[in-house]
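This report refers to the structure that appears directly beneath it.
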Amino acid sequence: EHNSRFRFNFREVYWNSRLSTEHHFLVQSFRKNQCICDMFGGVGPFAIPSAMKSCQVFANDLNPSSYRYLVINAKMNKVSRLVHAFNLDAREFFRQMRLKQRNGSIPLFNHVIMNLPATAINFLDVFRGAFSPEEAAQRDGLPRIHCYCFSSSKNPKTDILNRAQTVLGDLLIDCEVRLVRNVAPNKNMFCLSFVLPKCIAISSLNSIEDSEEKEISRPTTSKPSSSSTEERISFLPDNPELASINVSIADKHQTPEKRRALDLLNPSPQKHRRIC
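For the sequence shown, UniProt numbering begins at 1 and goes up steadily by one.
Right under this line is the structure:
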C-alpha cells in the first residue's frame, strides 16, 4: 500500500483496503521528523508509512495479533528504530506516554490518530487536563488530533461536534469534519481534526476516572450506644451552609436542625432532596 508492505492474517486482525487513500492522505499531512501517536494502530497502516517518512511513531493496539504484526511490519519495512509498538488499553497507553513525556524521555506528540470509528469519540476525555500550562505554552506543544467516527445524522458536522464537545467538556472552535467514505446507506465515516484547545488541555476537569474519585464519601457510623450516636455528615465545599454538621442522634428532644440532618442521612423514599 503506497510503497509500504504489510503482513497479517485476515482472521486475526482488521484491515480495510478501501481506506488506502485515507491512510496516504493523512500521512502526507505529517512533516518529516514529527512525533506521531497512534492510539488504535492495528497492523500499522498509519504507523509504517509515517515512519518511512522519518517520523517517530508510538503505536498501540489492544489486539495481541495486531501488535505482533505491527512489530513484524516495522521490521519488514526497515523502520523498527522509529516505530515503538505497545499492546495496551488505549487509555493506559496514553497515560504511560504522558508520564514518559513529563520526565522528558520521549518528545511531545505533534499528531494523535484515533482510528476506531465506532467508539473513538468516547476516548477524547483522555486529553482533558492531561497537559501542564508550561507544555501548552510551547510552540506546537499541543497535538493535532485526528478522530475517526461514524454518523448517520442529516447534519453530521453538528452531530459529531456535539458528541465530541460533550466528552471534551468544552467547545471546539477551529476544527474540521471531513468525509472519509460511505459505509452503508445513511451511514458515513468522518474524520474530526483539531488542535487540542489549551482550555481543555489544562482543564481542572480531569478524566472520568479521576472525577469519580471526587464523589462525596461518608465515614462509617460508630456502633450505637444506649444513649446516643455521634455521626458526621460531610458535604462538598460548595455547600457552605451544610458543611461539617455534627449531629447528635438522641432518643428524644431532637432539635429541628438535628431532624433536618437526620433526614439528609436517611431520606424518606417518598421525599427526594437534591443537594446542589
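C-beta: ideal position from N, C-alpha, C; glycine also. Because the structure is a prediction, the values reported are computed rather than measured.
- The Cβ atoms of HIS146 and VAL112 sit closer than 8 angstroms to each other.
- Contact check for ASP125 against VAL167 passes: the beta carbons are separated by less than 8 angstroms.
- Contact check for ASP89 and ALA59: beta-carbon distance about 14 angstroms, past the 8 angstroms limit, so the pair fails to qualify.
- Per DSSP, MET39 lies in no beta strand (DSSP E) and is assigned neither H nor E.
- For the 8 angstroms CB-CB criterion, ILE36 and VAL79 do not form a contact.
- Counted as a single uninterrupted DSSP element, the alpha helix (DSSP H) harbouring VAL167 occupies residues 156-168.
- Shortest Cα-Cα distance from SER153 to any of PHE30, ASN182 and MET52 involves ASN182.
- By a beta-carbon distance limit of 8 angstroms, ALA201 contacts ALA130. Their separation comes to about 6 angstroms.
- In the three-state DSSP reduction, ALA130 falls in the coil class, being neither helix nor strand.
- Residue range 20-28 is occupied by the alpha helix (DSSP H) that includes GLN28, with no beta strand (DSSP E) assigned at that position.
- Collapsing the DSSP output to three states places CYS55 in coil.
- Burial of GLY44 is indicated by the presence of at least 16 other C-beta atoms within 10 angstroms of its C-beta.
- For ALA118, the three-state secondary structure derived from DSSP is coil.
- Put simply, of SER4, GLY141 and PRO156 the residue whose alpha carbon is nearest the alpha carbon of ILE72 is SER4.
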